[in-house]
Amino acid sequence: MDFRPFSRPSSKLRFSRLALAVVFFVVGLVSFALNAVEPAEKVNFSFQIRPLLADRCFKCHGPDDKARKGKLRLDLAESAYAIRDAEKREAAVVPSHPERSQLCWRISTTNEDDRMPPAASNLSLSSEEKELLQRWVKQGAEYTPHWAYIPIQKPSPPKLADDSPAQNPIDAFVLAKLQRENLKPSPEATRETLIRRLSFDLRGLPPTLEEIDAFLADKSRDAYERLIEKELASPAYGEQQASLWLDLARFADTYGYQSDVDRDFSPWRDWVIRAFNQNLPYDQFVLWQLAGDLLPAPTRDQILATAFNRLHRQTNEGGSVEEEFRAEYVADRVATAGTSFLGLTLGCAKCHDHKYDPITQKDFYRMSAFFNNIDECGLYSHFTRATPTPTLLLYAEDQEARHEKLKAEIAAKEAALALLARQTESPANARSSIPRPEPSARYSFEEISKESTPDNFGSNAAQLVDGPSLVSGKAGRAMLFSGDNYVVCKGAGAFNRTMPFSFGLWVKPAEYQPRAVIFHRSRSWTDSGSRGYELLLEDGRPSFSLIHFWPGNAIKVQAKTVLPTNEWSHLAITYDGSSHANGLQLYLNGEQLEVEAVRDRLYKDILHRAQWGDAEVGSIELTLAGRFRDSGFKNGAIDEFEIFDHCLTPWEAKLVAARTGGAGKEAVPPSDKELREWVLRHENTNYMAACAELRKLREEENTFANDIPEIMVMNELPTRRPTFVLKRGAYDARGEPVEPGVPETILPFGKDLPKNRLGLAKWMTARQNPLTARVEVNRVWRSHFGHGLVESDEDFGTQGRLPTNPELLDWLAATFMDSGWDIKALHKLIVSSAIYKQSSSAGPELLAKDPENRLLARGPRHRLRAEEIRDNALVVSGLLATRIGGPSAKPYQPEGLWEESGTGKHYERDKVEGLYRRSLYTFWRRTAPPPSMLIFDAPTREVCTARRDTTATPLQSLVLLNDPQFVEAARVLAERVLKGNADDLDARIRTAFRLMTGREPKDRELEVLRGLYEEQLNLFSAEPAAAEDYLKIGERTYDKALPLPALAATTVLASTLMNMDEFVVER
Amino acid sequence: MNTNLCTGPLPAAGLTRRHFLNRFGLGLGGIALSHLLNPARGLAEALANPHHGGVIAHPHFPAKAKRVIYLFMAGGPSQLETFDYKPMLNQRNGEDLPTSVRMGQRLTGMSGNQAILPLAGSLFKFKQHGKAGLWVSELLPHTTKIVDELCVVRSMFTEAINHDPAITFMQTGSEISGRPSIGAWLNYGLGSDNENLPAFVVLITPGKVDQPLYSRLWGSGFLPSEYQGVQFRSGKEPVLYLGNPAGISTAGRRLMLDRLRELHEFQRAESADPEIDTRISQYEMAFRLQASVPEVTDVSKEPQSIFELYGPDAKKPGTFAANCLLARRLAERGVKFIQLYHQGWDQHGNLPKGIKTQCRETDQASAALITDLKQRGLLEDTLVIWGGEFGRTNYSQGKLTSDDYGRDHHPRCFTTWMAGGGVKPGFVYGETDELGYNVVKDPVHVHDFHATLLRLLGIDHEQLTFKHQGRRFRLTDVSGNVAEALLA
C-alpha cells in the first residue's frame, strides 16, 4: 500500500488537528486528487506535476549543480527534452511519447537498479502518481513556470447567478469553486459571533459588552461596515497588526545567544504600530524597513524603520571570531527579507544552490551584498553597553534642534579659529628661549622595584604585570615585553574625546606582527568594542584611534609608513579634542607622518560611564604593550614614554623626539611655520581664548550627546564592502567576489535601479514582482481565516503548498497593488465578504469532505494566539492598561527562571501598569522567553518565523487554570460582576458568560454554572481561610467589602469560563 | 506499512491508537472519539500496532534502548583531567604548542593572541581501572568503580568553538538556532510510554552561574511545540503552573473540571466540532499531570541506602545528585528522554580548583545512576550519556604556573561516555595524539554521535525526517555515520 497525496496538507502538524489530519489524509487531497482521476482532464504542470517532480526528483535532478546525478535536470524543459540516446531517439522526457521517455520506464520498472526514485533515497511514487506522470508526458509534457513566479494578472471574478449571496468579488471566486465541488456556503454567523470575530481579527481584543449591545441594536444597513471602520480606526488595530509582524521581524528585548544582554528596540516596535495605524502603504512599509536610510533626506522614522535589519541575534561570547558572526548576521538579514517579503527560502542557498527553486548560491551572496555594507562589528560589547553601530540617536522632543545648534556653534567656532590662524602673521624674530613642552607624566624605565617602575615626577608609579624586564634602551634603559605581559600606568592619561592630549615614546619592534598593541587606555578589544584610545602597530604601520564603539563610532588614523624592526623609532601622537580624524597627527622621529583616515565619525565619549551601565568604571587604566585577549607587543621594547595634557605643535613634537633621544639634540631651530603655530597656541591670547571657548562648547556637546539613547539601524558605508560567495556558507572560505543582485528568474533587477538596498526595496515592491503582494495578501488572509490561501506562508517556492484558490490570490494581490498597497482597505475587503461572514460550524459531511476548511464553505475558526488569549483575560476583567508603546513590560512570570538558565539575570516583575499591558509589550528574552507564551506556541524569536503552530497540550490548560495572571483576572472580573448583582446569581453568570464568549448562556449552561457556583460556595463557606488565600492572588487587592465565599466562588466560576473552549477560540 | 512514511510532515499513516491515547488522554478521559475514526485506509493498519505513539510505527532496527538519560556537562569538561591520559603533556609541560600539532587550526580570541601557548600537563594522577584498563583520573573515584559499564569515546570532535553554537550543535545537530533538539526528535519519532508524564523532561542544576543555558536546547525548533522538553524544577512547583492556586483544593478543582467538561460536552453536541474533544482531553490530562508529577518528584519514600548511593547532595532538591535520582524515577516510569544539565565546566583559568569542584558535584551521582539502573534491571534498555559540547586545549590559557593553569575551548577532541542501552560495556573507542590535540584514530563527529544514538533507539537517522521550508530535515543534517563499533 502506498497512497500519497500530491501535496502535503501541511508542512507542520497541528496537534489539535491530528484526528482531522487522518481524515484528510484518507480523503486525499480533495481538490487536486479528484482532478487527477478524470481521464479526460488535462494535467496541470504547475499544480500536479512540478510539486511531484520537486518533491521526489529535484534533489538529484533539480537546480543544484553539485547535487545533480546523471547530468539530468528535470526542472527545465530543454534539459528534460534533450536527447540522451540518439539511436533510440530517447530523452528523459519526449513530449507525447511515453514509450521513448526514460522517465516513464524509470518510474515503472521493477528492476531495482534502474528504478527512480532509487530505494536509497527513501522516496517513492504511488501508482496514481506514476500514472499522472505518464499522462503528462502523453499529453505533451508541457512545462509552465512555477505559479508563484508568474507575474500577477488580475483575473476577472467568475459570473454567478443573480441570487448568489456574493457581496464582493472574493465571494465570486470562492462560490464558483464551491459550486464545482457541489458545496453550499454556510449561513451568515450570528451578530454576536461576527463582532467577536471582527474585533479579534482587527484589534486582537474582544468586543466590550457595550460594543456588542450597540451592534446588536443597530439595525441600519451599514452597521457592519461602520463597525469595520471603527475597528480599523482604533489604535488597538496598529498594536494587533504590529504584534503579528514581530515574529517575522524576530523582535525581542535581548540580543540572543548565550549572554543574551538586554537591548531596547521598542522605538522600532512603536514605529511599526504607528505605521499600521497611519496605514502606511505596504510597499512603503517594506521599503522603509529595507532601505529607509537611503531615501532622499530621510525622516527619522524612515531611518528608524531599518532597525528591522538589525533585530537578528548578536553575540558577545568571549573569544568569538568577529567575522564569523558578522557573516551570520548578514545571512540572517537575507533569509529574513526572503521569508517575510518574498515568501522564499533564500536561506537554503547559503551553503549550496537551492535544491528546488531557481536560486543559486551565488544569488544568495548577491542578495547578501545588499546587506553587507554597514559599518558594523560581529560582536557586541561585553564590558560596555554601547549600541552596536551604525546607530540612530533617539532624540526626545526638541533635543535634535538643540544638538544641531550646538554642533553648528562648534563648526562656526572652528571656522573662526582657522581664519584667525590664517590671518596671524609670522613673528618677526626667532625666539631664544622657548619653553620646552612639559609632560604630565614620564616613564623612563630606568629601574624596577616591587614590580613597579616610577614616573619621573614621583607621583604615578607604573605596575608591571607578569614580568616585563629592563634592557638597554634608547636613553638608559627600556622596558622589554613578551607579548603576554604589560605595564599599567595607573591614574595617567584619563582623557575624554574633547580633551587635547599628546603622547611621545620610543619603540623597538622585534618583528612585523599583523597587530600589536603598543599602548591603550581601554578595557579590552572586541570585548568592549575597543572603547577608549589605542596606539597599534599593524604590520608595522602605526595607527591611533579614539573609540566609543568600533568601528562605527570612532576616529582612527593610520600612517602609511612602516616602522623598522630592531631599531628605535620615536613616535609622537597629538590630538586637538575635535573628535575629527584630522585632529589626530602622528610623528615619526619628529617628522609628521602622512596618514590615512580609517574612520572619522565619533559622536559619543570614549570613557566608561556608570550612567550607561558600563563595567569597571574608574578602573580602566593606561596600559603599555598588551591588552586582555588582544595581541601584545611581542618581544618589543618601549622607552621614554611621555604623556601631555595638551596638543603639541609640530615643532614641539620634534623637540620631544630630539630631547628624549639623547643629549645635545634639543636646539633644533623651528621653521617659520612651526614657530608661527607655536606662537599662535602659546602666546596669541585671542586664539587661546577662542580655543578655550571651543573646548567648553565641545564639552557641552559631549555631555549632551552622551545622554541621548541610540538604536541600531542601517547606514550605508561610503565604499562598498566586497562580498564573496562563501563556500559551504563558511565565513573563512571565500569564493568568487559578487556584485549586489537578485534571483533574476523571479524578476530581473531593473537597469535603472541603484545597486543598493533602495534598489532592492524597489525591486521587491515593483508591480511586476510576482511574490511581494501575493505573500502579503496571503498573510492578511491568514490573519482572518487562520490559514493562508497558500498554507506555507514561509515558502511560496516549488516545495511550498499550492494555493487553494490561485485566481482569488492573484485577484487580491492585483487589487491590493491597484489600491496603492492599502492594508486597511485589504482588511476591509476581506471582512466585508460573505465568505468571511459565514458561520463557522460544519456538519459531519462538510467536516469529512473538507476538514481544514480549504474550500471555505464555512467561516473561519481558529484558536487565538498566545497574546490574544492573555489580552482577552485582561480586557474581560477590565485590567487592561491601554497605553501604547514604550519600553517592554514585565508581567507575572514564575520566579527564578532567568536565574536557572545561568545568565545571572533576575526577572524583576513590574508592580503596577506593566502587569496589565497588552502582550505585545511583554519583555522578550530570547534564551528564556515568557513561558506562558511559549506554551501557547509562540516562537522564541531567535529567527524569523512566518507561521505559528497551533497545538493543544495539558500545559496550556495549566496556564489558564493556575497562572496568577489568569487567576487574578478571573477574580477581578468576579468582583466586577458581583458588585452590580450581589443578589442575582443568574445575572452574574450571564454577564461573566457574555464577557467571556460574547454570547448569552443557554439554559442548560446556566444550570451547570449555577451548580458549579453552589458547589464552590459550599467549599469556601466551609473554609473561609481558603477563600482568602485564593482571593489574595495578584498585585491588585480585592474588595474586602464583598462577601468572601461568594467572591471566591464567583472567581472559580469566572476561571471556569476562562477555560472554556469558546474563550480561547475564535469562531 | 512503508516505514518511510515517517518522513512527511503528516504522520497520519504512522498514527496509532496509542498516539491518540497519549495525546488526547482517551484512556482516563473515557470519552469516545468514534466519530473521528472514520473508516480510513491506513488507519486500520495503524491501529494494529499499539506500542508506539510517535511517527515511527515500526522501528527501523531492533531498539536496544527504550529511553535516554543524557547527563550534559555544560561548559566543556576537560578531557585531559578526566579520561584522556597524556603523560607526554606533563613531560613537555611549558613548551610552546608545536605548529606541527596545531596545523593552523583556529583558536578562540581568548587565547589565540597569546604570544606563547604553553603545553600544560594535568596536575591530577591517572590510574587504570576495570577489565579494560581504562585510564581515569583521581578526580572521579566513584566513576572508577563502574568503568566496566562504560563505553568511553575519546575521539569526539565538533566544529564549533564557542559555547552557544557548540552546545546548540550538540543538542540539535546544527549550530544555527531553529532546529529541534534531540529529545524533541525522539518525542516526535517515538512518542511516549507514559500517558501521564511528558515524554521529554529537562532537569537543570540551578544556581550554577556560568555559561548559560537556553530554552532552545530543549526546544522543538520547527517541530510542533508539543514536542519540546518540559522542565522539571526543584521546589514546590516542579512543572510551571502545575499547582492549583492557593485556596483551591484538589477536590474543588475536580468539581470545577467536571462542570467544565459538562459545558464542553454541550458544546460538542451542538457543534460537532471534534476539537472540543481535544479540549476535554487536554483538561483531563492536565489534571492527571497534577497528580503524576508530584508523585514522581517525591523522593521521600526512597530508602536511605539509595540516598547513600547517590551521595549527600541527593537529599537537596535540584542538585545534580537529586536530579540523577529523579532521572532514574522518570526512567522507571517510561519517560523517553531525560536531559540533565550541569553547568560550570568552563575552566579558562583556575582549572585545577574549578574542575575539582565540578567532579565532586557530579562523580558520585553519575556512577550511582548507573549502579542503580543496573540493580533494577533498567540499564539494559536505558542509554546513559555523559559529556559536554567540546573539549579543552592542551595548552594553558593565561599563565602556566606550577599549581595553576586554564584551558581554552577545544573542538578538535573531547571525551564522552555512554552506558547501558545497547553499547559495549567496558569499552574504549578512539584515540588522540600523544599531546591530546587531534584525534588520530576512529573520529566520532557530532553527527556520527547522533546517528549512533538514534540507532540505539532503533531509528535510522536518515529516515527520521520532517519537511520544513521545502526540505526534509533530520537530526544529522546531511551526514552522520553510525559508529558501529560501539554497538554491543
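Sequence lines, in order, name chains A and H. Our numbering runs 19 ahead of the 1-based position in the first sequence. Our numbering runs 539 ahead of the 1-based position in the second sequence. We treat Cβ as the ideally placed atom computed from N, Cα and C, and that holds for glycine.
Counting only the same chain and skipping the five closest in sequence on each side, list residues whose C-beta sits under 6 angstroms from that of residue i.
{"i": "H/R606", "result": "A870, K875, T921"}
{"i": "H/F1012", "result": "F1005"}
{"i": "A/V796", "result": "L831, A832, F835"}
{"i": "A/L122", "result": "A111, V112"}
Suppose you measure from the CA of residue i to the CA of residue j; what does that come to, to the nearest Å?
{"i": "A/L831", "j": "A/R793", "result": "8 angstroms"}
{"i": "A/L179", "j": "A/Q857", "result": "18 angstroms"}
{"i": "A/I566", "j": "A/Y552", "result": "6 angstroms"}
{"i": "A/N298", "j": "A/D929", "result": "32 angstroms"}
{"i": "H/H948", "j": "H/Q653", "result": "14 angstroms"}
{"i": "A/D312", "j": "A/W287", "result": "14 angstroms"}
By a C-beta neighbour count over all protein chains shown, 10 Å radius and 16 as the cutoff for buried, is residue i buried or exposed?
{"i": "A/S938", "result": "buried"}
{"i": "A/F563", "result": "buried"}
{"i": "H/Q806", "result": "buried"}
{"i": "A/I169", "result": "exposed"}
{"i": "A/E1033", "result": "exposed"}
{"i": "A/P458", "result": "buried"}
{"i": "A/D1003", "result": "exposed"}
{"i": "H/N889", "result": "exposed"}
{"i": "H/P704", "result": "buried"}
{"i": "A/R455", "result": "exposed"}
{"i": "A/P1020", "result": "buried"}
{"i": "A/N392", "result": "buried"}
{"i": "A/K88", "result": "exposed"}
{"i": "A/Q442", "result": "exposed"}
{"i": "H/V1017", "result": "exposed"}
{"i": "A/V614", "result": "buried"}
{"i": "H/L912", "result": "buried"}
Tell me the DSSP bridge mates of residue i?
{"i": "H/K980", "result": "H/E970"}
{"i": "A/L590", "result": "A/L524, A/L607"}
{"i": "A/N572", "result": "A/F568"}
{"i": "A/E457", "result": "Partner(s): none; A/E457 has no beta bridge."}
{"i": "A/R560", "result": "A/E557"}
{"i": "H/K1006", "result": "H/R1011"}
{"i": "H/Y753", "result": "DSSP output for H/Y753 lists no bridge partner at all."}
Flag residue i as yes if its beta-carbon sits less than 7 angstroms from any beta-carbon of chain B, otherwise no.
{"i": "A/L865", "result": "The question asks about chain B, but that chain is absent: this structure's protein chains are A and H."}
Closer than 7 angstroms by C-beta to residue i: which residues in its own chain qualify, once you throw out the five before and the five after it? Chain order, please.
{"i": "H/T1015", "result": "G712, H986, H989, A990, H1000"}
{"i": "A/N130", "result": "none"}
{"i": "A/G486", "result": "N504"}
Assuming residue i and residue j form a contact by the criterion Cβ under 8 angstroms, report the distance between their Cβ atoms to the nearest whole angstrom.
{"i": "A/Q308", "j": "A/P407", "result": "Not confirmed; about 18 angstroms, so no contact."}
{"i": "H/I894", "j": "H/S617", "result": "6 angstroms"}
{"i": "A/L590", "j": "A/L605", "result": "7 angstroms"}
{"i": "A/F77", "j": "A/K374", "result": "6 angstroms"}
{"i": "H/A723", "j": "H/Q767", "result": "6 angstroms"}
{"i": "A/S907", "j": "A/T941", "result": "7 angstroms"}
Consider the C-beta atom of residue i and the heavy atoms of the ligand ATP; say whether any pair is separated by less than 6 angstroms.
{"i": "A/V1083", "result": "The ligand ATP is not part of this structure, which contains no ligands at all."}
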